[in-house]
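The structure under discussion appears below in the form of structure tokens.
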Amino acid sequence: METNWSMDTQVIHSNNHRIQEPLPISQSIVPAVAYAFPSIESAAAVVAGKEEGVYYGRYGNPTLQVLESKIATLEKGEAALGVASGMAAISTALLAFLKKGDHALVTKDVYGGTYSFLSSLAPRFGIDVDFVDCTNEEVIISSIKPTTKVIYIETPSNPSLTVLNISFIAEICNRHKLTLIVDNTLMSPYLQNPLVLGADVVVHSATKYINGHGDVLAGFIVGKKSDIKFMRKTIVGDLGQNLNAWDSSLILRGLKTMALRIQRHCQSAQKIAEFLQAHPAIADVFYPGLPTHPQHELAKSQMKAMGGIVTFEVQGGMEAGKKFVNSLKLAMISFSLGDPETLVQHPATMTHASIPKAEREKFGITDGLIRLSVGLEDADDIINDLKQAILTAQTVTKS
Ligand SMILES: Cc1ncc(COP(=O)(O)O)c(C=O)c1O
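Taken in order, the sequence shown gives residues 1 to 399; the numbers are from my numbering.
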């Protein structure tokens, strides 16, 4: 350090500690926006992509780089790109493969935000979209147009838990030279790897199971190196949807317990789905782990376990369902999922309220449908909470 620097200079340059030994076990948080290069030539080589490196925070940072390489490994893809939310991942992936005049085929029961992006914003840029039943081969094939470039699916879907055959749809995409994008949020890379089943791109809301603690909004896109490079430079870089180092660090921590958390979510969800199915006050239960689920066999063949979301309908429709939800004491009424806390929501009035009723019902989102994101509490405590809420709702309905 120069001793003759003034305090104005010293506050910036004095005692900076860049080399840490012994090596810290947890990954370092590097919040730096900019990086200092040894020469103009090396700076130019990094910005031109001729040399590996980071150069400006909007295009990545070292903490995020560690996380991206972990996510790419877990999803068995060439590269990953971390962004500021699940919707940033979804919109970036779609914009990377669609331009003015192109058409996308989208599974009819997608997450409300994806529906909203594709039905309101994408058409303003000349992108044409059809929402179709992707459980039906004939419907998929007959819906492909000469301008179709992408098939976009979510499996299992949120909140109906429809399971789609990824390998089968990937084959259709191969034959028609289309890009298959799969939202793998409800499974996490621990339970399902769409790229191994033939998909081209995977998107995640890491806000859910990947981080798993309900304290970060984030998303990931996983795919071929060249595609990820294009998205980083041309879409995320220009639109400014990067994931910052602080949030990356929280996700690096959350990720360490992902396997353990998801095993527990799945075990409890199975027990709760079986309890609900056997209860006379419950009209219907949608959980891929139940033999009555229409795609139970497919789910067993492509998913390692059945996930932590249970969707069901209470006898008595909308009013009975609302009374039931309002009577829960442990489960919290909330818009998110995949957290340690059990969260419950009413899709028709909450997450999917942006979808018109007639459209929503075509997607299987009826007025009485309830989505439960099973948390990490003791499964018996969650079941006792459901029991008392059913009883209270029935008492209120009868009086
Ligand atoms: C299946 C699915 N995909 C994407 C998203 C969007 O994620 P985010 O809220 O992180 O933008 C959600 C949010 O609930 C979701 O459930």
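Just so it is clear, CB atoms sit at the ideal spot from N, CA and C, and this is done for glycine as well.
Taking only heavy atoms of ligand 1 into account, decide whether any of them is closer than 8 Å to the Cβ of residue i.
i    : result
L250 : no
L372 : no
G219 : yes
Y111 : yes
K87  : First, the residue type needs correcting, since residue 87 is Met and not Lys in the sequence shown. Yes, the beta carbon of M87 sits closer than 8 Å to at least one heavy atom of ligand 1.
V320 : The question names Val, yet the displayed sequence has Ala at residue 320. No, the Cβ of A320 stays beyond 8 Å of every heavy atom of ligand 1.
E154 : yes
N158 : yes
T351 : yes
T207 : yes
D183 : yes
K37  : It should be pointed out that residue 37 corresponds to Phe in this sequence rather than to Lys. Incorrect: F37 has no Cβ contact closer than 8 Å to ligand 1.
S116 : no
F335 : yes
L186 : yes
I144 : no
I141 : no
I90  : yes
Starting from residue i, trace the alpha helix (DSSP H) both ways and give me its first and last residue.
i    : result
L178 : Unbroken run through L178: none, as it is neither H nor E.
Y190 : 188-191
L330 : Taken as a continuous stretch (DSSP letters only), L330 belongs to no alpha helix (DSSP H), as it is neither H nor E.
I210 : I210 -> no alpha helix (DSSP H), and no H or E assigned at all.
A259 : 258-278
G86  : 86-97
H296 : 296-302
T63  : 62-74
L250 : 245-255
Thinking just about the alpha-carbon of each residue, which of the options is nearest to the one in residue i?
i    : options                : result
I228 : P31, F97, E137         : F97
L186 : A320, P194, T179       : P194
N174 : D183, I141, P159, S188 : I141
G82  : L23, N16, R371, A206   : A206
E341 : K322, I365, R264       : R264
K50  : Y56, E41, L337         : E41
T73  : K323, S120, V222       : V222
I262 : G375, P288, V33, V47   : G375
L95  : V129, E75, T63, E78    : V129
V150 : T395, W246, S160, F131 : F131
A201 : S268, I12, K225, K362  : Correcting the residue type first, residue 201 is Val in the shown sequence and not Ala. Considering only alpha carbons, the answer is K225.
L191 : L391, T135, I210, H176 : I210
S334 : F230, L343, L276, E361 : L343
S373 : G126, G307, A278       : G307
K323 : P291, A278, A393, V285 : A393
A281 : K271, G321, A299       : G321
Any idea if residue i is buried or exposed, counting beta-carbon neighbours within 10 angstroms, 16 or more meaning buried?
i    : result
D8   : exposed
S301 : exposed
T146 : Thr is not the amino acid found at residue 146; the sequence shown has Pro there. Exposed, by the Cβ-count rule.
R232 : buried
N184 : buried
S26  : exposed
E297 : exposed
S28  : exposed
S157 : buried
K431 : Limits of the chain in this structure are 1 at one end and 399 at the other, which puts residue 431 out of reach.
V196 : exposed
N61  : buried
G101 : exposed
F125 : exposed
Over what stretch of residues does the beta strand (DSSP E) that includes residue i continue unbroken?
i    : result
S119 : Unbroken run through S119: none, as it is neither H nor E.
L105 : 103-107
T311 : 309-314
D128 : 128-132
L9   : Reading off the sequence, residue 9 comes out as Thr, not Leu. Premise fails: T9 lies in the alpha helix (DSSP H), 7-13, not in any beta strand (DSSP E).
S373 : 369-373
Q345 : 343-345
F286 : 282-286
S205 : 201-205
I153 : 148-154
L81  : 79-83
G219 : 219-223
Within 9 Å of any Cβ in chain D, is that where the Cβ of residue i sits?
i    : result
M187 : In the structure shown, chain D does not exist; there is a single protein chain.
At least three beta-carbon pairs within less than 8 Å, the segment 110-124 to the segment 237-256: no
Given 8 Å, three or more beta-carbon pairs between the segment 159-174 and the segment 378-387: no
Stretch-stretch touch, CB-based, cutoff 8 Å, three pairs: the segment 309-329 with the segment 358-369: yes
Stretch-stretch touch, CB-based, cutoff 8 Å, three pairs: the segment 245-259 with the segment 115-134: no
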